[in-house]
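1 is the number of the first residue of the sequence shown in the UniProt record's numbering; add one for each residue after it. Note that the Cβ used here is the ideal one computed from N, Cα and C, for glycine as well. In this text, all values refer to a predicted model and were calculated from it rather than measured experimentally.
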Amino acid sequence: MLSLVSAPPFWLRDNCPCSGCRDPRNGQKLFQITELPAGLAVGSVQPATTPDGAPAHEVVWAPDGHRSVYPESWLGAHLPGTAADGGDGRGEDDKELWDAAGLAGRLPEADWADYVTDPAARATALDSVLRLGFVLLRGVPVRDRQVLDVARTFGYVRETNYGELFEVRVEADPNNLAFTGARITPHTDNPYRDPVPTLQLLHCLTNAAQGGDSGLVDGFHAASLLRAEDPGAYEVLTRVPVPFAFADARTELRAHRPLIGTDPAGRIREIRFNNRSIGTLHQPAGVLDAFYAAYRRFGELLLRPGLQLDFRLTPGDCLIFDNTRLLHARTAFAESGDRHLQGAYADIDGLASTLAVLRRKDTPA
Ligand SMILES: [Zn+2]
1 MLSLVSAPPF
11 WLRDNCPCSG
21 CRDPRNGQKL
31 FQITELPAGL
41 AVGSVQPATT
51 PDGAPAHEVV
61 WAPDGHRSVY
71 PESWLGAHLP
81 GTAADGGDGR
91 GEDDKELWDA
101 AGLAGRLPEA
111 DWADYVTDPA
121 ARATALDSVL
131 RLGFVLLRGV
141 PVRDRQVLDV
151 ARTFGYVRET
161 NYGELFEVRV
171 EADPNNLAFT
181 GARITPHTDN
191 PYRDPVPTLQ
201 LLHCLTNAAQ
211 GGDSGLVDGF
221 HAASLLRAED
231 PGAYEVLTRV
241 PVPFAFADAR
251 TELRAHRPLI
261 GTDPAGRIRE
271 IRFNNRSIGT
281 LHQPAGVLDA
291 FYAAYRRFGE
301 LLLRPGLQLD
311 FRLTPGDCLI
321 FDNTRLLHAR
331 TAFAESGDRH
341 LQGAYADIDG
351 LASTLAVLRR
361 KDTPA
């Protein structure tokens, strides 16, 4: 018999499914935690059934006499000790970490026509973004602003000071090195933003220049290697806040975050790495020495051969990737050559929601 009597009373009562405690139309709770009586305790427990006939247990509460009916299936899945804290889906435990060899012959990609017309193909592609950190859509129409339509297939465009979308091509007076022909080493975008854009899209319209190949590095994998090889350096990078900053004539942005963000259980959850936008750290001298040693070590690790997946975007390719996990890079290209990508930002909660609803429809009623 389930040990309802020993379950934490406030936890159990907070999950009461009755229509007095939760609005049946939307499942939202109707009471404040402060409204529950101070001496709350399970008074008695007896076998019951839910309105649709499933086995359940009824709790009569002391001191207020409230009655709660908990389905056995719910208790089996949620009572303390039955389920581990699995995290929120964003941490390293919920991901498949990779290096370049690990993805050989199984690049997560989808044909645009399938992606648009087939919900199963769309679900597989979106799942790749959550699990591996990216998906490459092929055969996307080569059309101005198409990248915004791609974002709207799973979520919402995040407009920024760069606009609804940004043009990745050589500009005469670039406010960002991305808009030159320079080599760009592995980095995450916009670490100076709070909140940071969690997804990025890059849609290739033209890539006829010499050079300009793309690369992706799994930052969670790299951080896990750092943790294994140099735990002290890893620890420093999870703790020291780094002032990231961006400024141009019309904008001034900053955010202070560690290079490696962890969740409350210590799991790797977010990477911010961008040499171009690290401002001046203000810390005791010893902390600065330790930070720079660790930062250099992590920087070297991110450039280690074998970690970076190299490929070349061709017109009609659209890359969707997790900007809190993957670092992206490109080789230098001849500024005389024609290379034009359109990029946009979006957010991963919208993508995860779209995938969850797609899967809900898959489930037989
Ligand atoms: Zn209730």
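Report the residue ranges of all beta strand (DSSP E) runs contained in full by the region 207-242; include only those spanning at least 3 residues, in chain order. 214-218
Three-state secondary structure assigned by DSSP to E252: strand
Compute the distance between the beta-carbons of A245 and G279, then report whether it is under 8 Å. yes
Hey, out of L326, E167, L36, A54, whose CA is closest to A223's CA? L326
Quick one: give me the first and last residue of the beta strand (DSSP E) that F166 is part of. 166-168
Let me know the secondary structure DSSP gives T124 once reduced to three states. helix
Taking P284 as the reference, which of R272, D248, P241, T324 has the closest Cα? P241
Bridge-paired residues (DSSP) for F311: S214
Using the beta-carbon count (16 or more within 10 Å), is P37 buried or exposed? exposed
Same chain, Cβ closer than 6 Å to V45, five either side skipped, listed in chain order: L4, H57, V59
Do Y343 and L132 have their CB atoms nearer than 8 Å? Residue identity check: residue 343 is Gly in the sequence provided, not Tyr. No, they are not a contact pair.
C-beta contact flag for A209 and A334 at 8 Å: yes
For D194, which three-state DSSP category applies? coil
Assuming L130 contacts L216 under a Cβ cut-off of 8 Å, what Cβ separation, rounded to an integer in Å, is found between them? So it is not a contact: roughly 15 Å between Cβ atoms.
Taking the alpha helix (DSSP H) that Q146 belongs to, which residues open and close that run? 146-152
Identify every residue that forms a DSSP beta bridge with L319. L136, L202
Using only Cβ atoms and a threshold of 6 Å, which residues come within that distance of a heavy atom of ligand 1? Order them by chain position. C16, C18, G20, C21, H66, S68
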